[in-house]
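A.B. asks: Below: one structure in structure tokens.
Chains as they are written, first to last, in my numbering: chain B, 1337 to 1551; chain R, 48 to 266.
Here it is as structure tokens:
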């Protein structure tokens, strides 16, 4: 679906990908390749397989057929090496209710091999508009604020491929703007972002591709 | 990284102390019911003590196993743990270690105290302590396989008992056997050695099995 003339720059490629959930075939024969600096907006009606595609791309779900390659190597063979270049944010945010925003951010990053100091964590959460709420347990935060805590991770991680699943849900206008500028910076530094969303994200930089899944 | 994971799980357990305390209270109450029910027949109490304390420890660890992965599964942090750039068996090992510290170590520490109700001698209480110290890691390790397999299933709590309790039988036999040997005045060391061997085998195999089960549960 997404084709470009310069093959050499493609680092993420999907060939003949098929996905079966239960006894339903969500999609099959999916082919596309993505080069650095590209934003892929994944759209499609509910149940068309957006989440499944993202889970296949991050390696959580083995594809029913076909393969995903990163720099011409199958991601299932690369295993941890591939995981180290990917940040996946699912629609369940992965925020612990009992931990504060700062603890959530520091622990998630430390587990991914990026140590974040307390000062840096406060600074980053401030940028995400959570100043003054950094030390509250996450269960006291609103849904949108928890989403912001999860998104704060994007400011400190240095991964190349971002897979974001419905990250704009329950975010206000300012936060959507924040996410847009985060993705723009990421593209400018040669990253790839694949975002499943129903909302339009009009980016001013990078290439934007649209990938529509149908039922 | 392992340090952060264990620290995370210990912090979470501390902020939900009620869960941890309920396991300990369950253990203390179950063990105490027997002397109260049987009455002051010291000979009989001494005979049943090893089995009662060990069975109570197995049942108490059942209570906490359900939570080992379920909470992380519900809020999506388990997905994130699977996507961290280290071998999954290390993540599993970290979580199992934290589970052992939170759910099993308190039982090990309190067991000699509740053992006093069964009129056990001091040496026997020490053997009880040692057998639980060696045996409870087995409960956490094998239990983690069951917890990973039943993740996200309805009625997982009952299923996990059916899956895991039969696998605990060797630990129960050798653990209770060591204490019994001490009561009889024979050497408990063969039982303890076998218990240690079983602990090493489960340490070698169960993290891999748990990792594989987690991958399947999260597909």
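Ideal placement from N, C-alpha and C gives every residue a C-beta, glycine not left out.
Distance, Cα to Cα, residue 1410 (chain B) vs residue 1385 (chain B)?
C.D. replies: As a first step, residue 1410 (chain B) is located in the first chain; it is residue number 74 there, counting from the start. As a first step, residue 1385 (chain B) is located in the first chain; it is residue number 49 there, counting from the start. Roughly 21 angstroms between the two C-alpha positions.
A.B. asks: Closer than 8 angstroms, Cβ to Cβ, to anything on chain R: give me those residues from the region 1429-1450 of chain B, in chain order.
C.D. replies: 1429, 1430, 1431, 1432, 1433, 1434, 1435, 1439, 1443, 1444, 1446, 1447, 1448, 1449
A.B. asks: Short of 7 angstroms in beta carbon distance, which residues of its chain neighbour residue 1393 (chain B), apart from the five on each side in sequence? Order them along the chain.
C.D. replies: Locating residue 1393 (chain B) in the first chain gives position 57, counting from the first residue. Cβ neighbours of residue 1393 (chain B) within its own chain (closer than 7 angstroms, five residues either side excluded): 1404, 1499, 1530.
A.B. asks: Cα separation between residue 1343 (chain B) and residue 1441 (chain B)?
C.D. replies: As a first step, residue 1343 (chain B) must be located in the first chain, where it is residue number 7. As a first step, residue 1441 (chain B) must be located in the first chain, where it is residue number 105. Caution is warranted here: a pLDDT of 45 is assigned to residue 1343 (chain B), below 50, making its placement in the model unreliable, and no coordinate value can be reported.
A.B. asks: Going along the region 1401-1425 of chain B in order, which residues come within less than 8 angstroms of chain R, judged by CB to CB distance?
C.D. replies: Look at the region 1401-1425 of chain B: the residues with a C-beta under 8 angstroms from a C-beta of chain R are 1416, 1417, 1419, 1420, 1422, 1424.
A.B. asks: Can residue 1369 (chain B) and residue 1346 (chain B) be called in contact, C-beta distance under 8 angstroms?
C.D. replies: Against the first chain, residue 1369 (chain B) aligns to sequence position 33. Against the first chain, residue 1346 (chain B) aligns to sequence position 10. Contact: yes.
A.B. asks: Report the residues of the region 1380-1399 of chain B with a CB closer than 9 angstroms to any CB of chain R, ordered along the chain.
C.D. replies: 1391, 1394, 1395, 1396, 1397, 1398
A.B. asks: Step through the CB atoms of chain B and report whether any lies within less than 8 angstroms of the CB of residue 266 (chain R).
C.D. replies: Locating residue 266 (chain R) in the second chain gives position 219, where the first residue counts as 1. Yes, contact with chain B.
A.B. asks: Would you say residue 131 (chain R) lies against chain B (beta-carbon separation less than 8 angstroms)?
C.D. replies: Working through the second chain from its first residue, we reach residue 131 (chain R) at position 84. Closer than 8 angstroms: yes.
A.B. asks: Along chain B, which residues have their Cβ under 7 angstroms away from the Cβ of residue 277 (chain R)?
C.D. replies: Chain R is shown only over 48 to 266; residue 277 (chain R) falls outside these bounds and no answer can be derived.
A.B. asks: Inspect the CB distances between the region 126-145 of chain R and the region 208-223 of chain R and report whether three or more fall short of 8 angstroms.
C.D. replies: no
A.B. asks: What three-state label does DSSP hand residue 108 (chain R) in the structure shown?
C.D. replies: Taking the second chain and counting its residues from 1, one reaches residue 108 (chain R) at position 61. Residue 108 (chain R): helix per DSSP, three-state reduction.
A.B. asks: If residue 1492 (chain B) sits next to residue 1445 (chain B), beta carbons under 8 angstroms apart, how far is it from one beta carbon to the other, in whole angstroms?
C.D. replies: The residue labelled residue 1492 (chain B) in the question sits at position 156 within the first chain. The residue labelled residue 1445 (chain B) in the question sits at position 109 within the first chain. About 6 angstroms separates the two Cβ atoms, so the contact holds.
A.B. asks: Below 8 angstroms between beta carbons: does that hold for residue 1430 (chain B) and residue 123 (chain R)?
C.D. replies: Taking the first residue of the first chain as 1, we reach residue 1430 (chain B) at position 94. Taking the first residue of the second chain as 1, we reach residue 123 (chain R) at position 76. Cβ distance < 8 angstroms, so residue 1430 (chain B) and residue 123 (chain R) count as in contact.
A.B. asks: Using a Cβ-Cβ cut-off of 8 angstroms, state whether residue 1341 (chain B) counts as contacting chain R.
C.D. replies: Position 5 of the first chain, counting from 1, holds the residue named residue 1341 (chain B). Its pLDDT being 43, under 50, residue 1341 (chain B) is placed unreliably by the model, and nothing is read from it.
A.B. asks: Is there contact here, the region 1422-1439 of chain B with the region 1462-1476 of chain B, by at least three beta-carbon pairs under 8 angstroms?
C.D. replies: yes
A.B. asks: Looking only at its own chain, which residues have a Cβ that is under 8 angstroms from the Cβ of residue 1401 (chain B), when we skip the five neighbours before and after it?
C.D. replies: Stepping through the first chain from its first residue, residue 1401 (chain B) is reached at position 65. Correct list, in chain order: 1352, 1353, 1354, 1364.
A.B. asks: Say whether chain B places a C-beta atom closer than 8 angstroms to the C-beta of residue 254 (chain R).
C.D. replies: As a working note, residue 254 (chain R) is residue 207 in the second chain. Contact with chain B is absent for residue 254 (chain R), since none of that chain's Cβ atoms lies less than 8 angstroms from the residue's Cβ.
A.B. asks: Return the CA-CA distance between residue 1360 (chain B) and residue 184 (chain R), expressed in angstroms with no decimal places.
C.D. replies: As a position in the first chain, residue 1360 (chain B) is number 24, starting the count at 1. As a position in the second chain, residue 184 (chain R) is number 137, starting the count at 1. Using only the alpha carbons, I get a separation of about 42 angstroms.
A.B. asks: Select from the region 94-111 of chain R all residues with a C-beta closer than 8 angstroms to any C-beta belonging to chain B, and list them in chain order.
C.D. replies: none
A.B. asks: Determine the direct distance from the alpha carbon of residue 1373 (chain B) to that of residue 1338 (chain B), and round the result to whole angstroms.
C.D. replies: Here residue 1338 (chain B) refers to the residue found at position 2 of the first chain. Here residue 1373 (chain B) refers to the residue found at position 37 of the first chain. Here the model assigns residue 1338 (chain B) a pLDDT of 48, short of 50, so the residue's position is not dependable and the matter cannot be decided.
A.B. asks: Could you check whether the Cβ of residue 257 (chain R) sits closer than 8 angstroms to any Cβ belonging to chain B?
C.D. replies: As a working note, residue 257 (chain R) is residue 210 in the second chain. Chain B, which has no Cβ nearer than 8 angstroms to the Cβ of residue 257 (chain R), makes this no.
A.B. asks: Taking just the CA atoms, how far does residue 1517 (chain B) sit from residue 69 (chain R)?
C.D. replies: Taking the second chain and counting its residues from 1, one reaches residue 69 (chain R) at position 22. Taking the first chain and counting its residues from 1, one reaches residue 1517 (chain B) at position 181. Answer to the nearest angstrom: the Cα atoms are 48 angstroms apart.
A.B. asks: Please list, in chain order, the chain B residues whose beta carbon lies closer than 7 angstroms to that of residue 55 (chain R).
C.D. replies: Position 8 of the second chain, counted from the start, is the residue given in the question as residue 55 (chain R). Correct list: 1443.
A.B. asks: What's the C-alpha gap between residue 100 (chain R) and residue 161 (chain R)?
C.D. replies: As a working mapping, residue 100 (chain R) is identified with position 53 in the second chain. As a working mapping, residue 161 (chain R) is identified with position 114 in the second chain. Going from the Cα of residue 100 (chain R) to the Cα of residue 161 (chain R) covers about 8 angstroms.
A.B. asks: Among B:1357, B:1467, B:1366, B:1428, which residue has its Cα nearest to the Cα of residue 127 (chain R)?
C.D. replies: Numbered from its first residue, the second chain carries residue 127 (chain R) at position 80. Nearest option by C-alpha distance: B:1428.
A.B. asks: Measure the alpha-carbon distance for residue 181 (chain R) versus residue 239 (chain R) and round it to whole angstroms.
C.D. replies: For the purposes of this step, residue 181 (chain R) is taken as residue 134 along the second chain, with counting starting at 1. For the purposes of this step, residue 239 (chain R) is taken as residue 192 along the second chain, with counting starting at 1. Straight-line Cα distance between these residues: approximately 8 angstroms.
A.B. asks: Starting from residue 1420 (chain B), trace the alpha helix (DSSP H) in both directions and tell me its first and last residue.
C.D. replies: As a first step, residue 1420 (chain B) is located in the first chain; it is residue number 84 there, counting from the start. Residue 1420 (chain B) -> no alpha helix (DSSP H), and no H or E assigned at all.
A.B. asks: Under 6 angstroms Cβ to Cβ from residue 1418 (chain B), same chain only, skipping five residues before and after it: list those, please.
C.D. replies: Stepping through the first chain from its first residue, residue 1418 (chain B) is reached at position 82. Correct list, in chain order: 1406, 1411.
A.B. asks: Apart from the five residues just before and just after residue 1533 (chain B), which ones in its own chain have a Cβ nearer than 6 angstroms to its Cβ?
C.D. replies: The residue given as residue 1533 (chain B) occupies position 197 in the first chain. Correct list, in chain order: 1504.
A.B. asks: Does residue 199 (chain R) come within less than 8 angstroms of chain B when only Cβ atoms are used?
C.D. replies: Walking along the second chain from the start, residue 199 (chain R) turns up at place 152. Taking Cβ atoms only, chain B never reaches closer than 8 angstroms to residue 199 (chain R), which makes this a no.
A.B. asks: Using 8 angstroms as the threshold, is the region 157-177 of chain R in touch with the region 188-199 of chain R, meaning 3 or more CB pairs across them?
C.D. replies: no
A.B. asks: When you compare the CB positions of residue 1416 (chain B) and residue 1437 (chain B), do they come within less than 8 angstroms of one another, or not?
C.D. replies: Working through the first chain from its first residue, we reach residue 1416 (chain B) at position 80. Working through the first chain from its first residue, we reach residue 1437 (chain B) at position 101. No, the pair does not count as a contact, with Cβ atoms beyond the cut-off.
A.B. asks: Can you tell which of R:138, R:257, R:58 has its C-alpha closest to the C-alpha of residue 211 (chain R)?
C.D. replies: Within the second chain, the letter at position 164 stands for residue 211 (chain R). Per the Cα distances, R:257.
A.B. asks: When the Cα atoms are used, what is the spatial distance from residue 109 (chain R) to residue 72 (chain R)?
C.D. replies: Along the second chain, read from residue 1 onward, the residue named residue 109 (chain R) stands at position 62. Along the second chain, read from residue 1 onward, the residue named residue 72 (chain R) stands at position 25. Answer to the nearest angstrom: the Cα atoms are 14 angstroms apart.
A.B. asks: Would residue 124 (chain R) count as contacting chain B if we go by Cβ distances under 8 angstroms?
C.D. replies: Working through the second chain from its first residue, we reach residue 124 (chain R) at position 77. Yes, because at least one Cβ of chain B sits closer than 8 angstroms to the Cβ of residue 124 (chain R).
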